[in-house]
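Take a look at the structure set out below.
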Amino acid sequence: MKNLIFLTIFAILFSFGIYYNENYFFEKKPSKKEIEKKEKKISVIDKKVQSIFKNNSKIILDKKDSIIFFTNDKSNKSTKLKEILLSSKELQNKLKINVNAYYIDTSKKQSHIIDYEDKQLKIDTQTMTSLYNIDTTPTLIFLDMHNYEIFSLTGLISKEQLISTLEFIKNRLYKNKDRKSGEVYNSLIEYYKKNNITIKSFIK
26 MKNLIFLTIF
36 AILFSFGIYY
46 NENYFFEKKP
56 SKKEIEKKEK
66 KISVIDKKVQ
76 SIFKNNSKII
86 LDKKDSIIFF
96 TNDKSNKSTK
106 LKEILLSSKE
116 LQNKLKINVN
126 AYYIDTSKKQ
136 SHIIDYEDKQ
146 LKIDTQTMTS
156 LYNIDTTPTL
166 IFLDMHNYEI
176 FSLTGLISKE
186 QLISTLEFIK
196 NRLYKNKDRK
206 SGEVYNSLIE
216 YYKKNNITIK
226 SFIK
């Protein structure tokens, strides 16, 4: 009886193994043409996203506040962020007009010249992520005209929250508020509530 049970279990496992292997080996793999088509589509999307932002090789001071998008284009959240950016002309216009907007893909190694506080630094992407303590992507760093950090948003952000945040920055509602004590943070939260914005990103 034990032998019969053993043989039955063995037969079931053996059949499953054959089924798995057949599906593994005969599973349709994407053709070279399909792979190239997908890569071309990604490239087109990347170009559209980059057209919204300034050249990140030189991040400089001027008469507008700045925002740096730190992303990792290999992550799902960063891919979703691209979709959000491309879905709204209003958002794109605000990024182009209201602020100096930069987009940095942390999965790539690039060189950047940046006005950081009272110094001009020439650094690579990895050093820049360390400079701004980036440990999660996407992270959005908001900087004033002197390149001092106002606050940052961590995680995926909705179109509505991002537009509202850009309005908050444009109207300089952080002015004359102490950042270290949390006054800027509290002011932003109140602004979100006033405009019925659901907070999706972690503010710090």
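To convert, count from 1 in the sequence shown and add 25; that's the working numbering. For each residue, glycine too, the CB sits at the ideal point set by N, CA and C.
Could you tell me the distance, in whole angstroms, from the CA atom of residue i to the CA atom of residue j?
| i | j | result |
| --- | --- | --- |
| I138 | L146 | 6 Å |
| K200 | L213 | 12 Å |
| K133 | V69 | 18 Å |
| I129 | F193 | 23 Å |
| Y216 | G207 | 14 Å |
| K205 | I175 | 10 Å |
| Q75 | P163 | 16 Å |
| I224 | L165 | 14 Å |
| A126 | K184 | 15 Å |
| S100 | V124 | 26 Å |
| S103 | T131 | 11 Å |
| N211 | K144 | 30 Å |
| N196 | Y141 | 23 Å |
| L120 | D203 | 25 Å |
| D98 | D149 | 17 Å |
| L56 | D71 | This sequence places Ser at residue 56; Leu is not what is there. Near 23 Å, if we compare the C-alpha coordinates of D71 and S56. |
| Q135 | S82 | 8 Å |
| Y80 | S112 | In the sequence under discussion, the amino acid at residue 80 is Asn, which differs from the Tyr named in the question. Going from the Cα of N80 to the Cα of S112 covers about 21 Å. |
| N220 | E108 | 23 Å |
| K73 | I188 | 19 Å |
| K218 | Y157 | 28 Å |
What are the residues that DSSP puts in a beta bridge with residue i?
| i | result |
| --- | --- |
| E174 | L168 |
| L111 | In the DSSP output, where bridge partners are listed per residue, L111 has none listed. |
| E130 | Looking at the sequence shown, residue 130 is not Glu but Asp. Its beta-bridge partners are T96. |
Where does residue i sit, in a helix, a strand or coil, going by DSSP?
| i | result |
| --- | --- |
| F94 | strand |
| I214 | helix |
| Q145 | strand |
| S136 | strand |
| K89 | coil |
| N101 | helix |
| I188 | helix |
| K72 | helix |
| K83 | strand |
| N125 | strand |
| N221 | coil |
| K202 | coil |
| I77 | coil |
| I159 | coil |
| N118 | helix |
Which whole-angstrom value describes the C-beta separation of residue i and residue j, a residue pair presumed to lie in contact below a C-beta threshold of 8 Å?
| i | j | result |
| --- | --- | --- |
| L106 | L181 | 6 Å |
| L116 | N172 | Their Cβ separation, rounded to whole angstroms, is 23 Å, which puts L116 and N172 out of contact at 8 Å. |
| L110 | I84 | With 8 Å as the limit, L110 and I84 do not qualify as a contact, their Cβ atoms being about 19 Å apart. |
| K89 | M170 | 7 Å |
| L178 | T190 | 7 Å |
| I159 | Q186 | No, I159 and Q186 are not in contact; Cβ-Cβ is about 19 Å, not under 8 Å. |
Problem - At least 3 beta-carbon pairs within less than 8 Å: the segment 152-167 vs the segment 92-103 - result: yes
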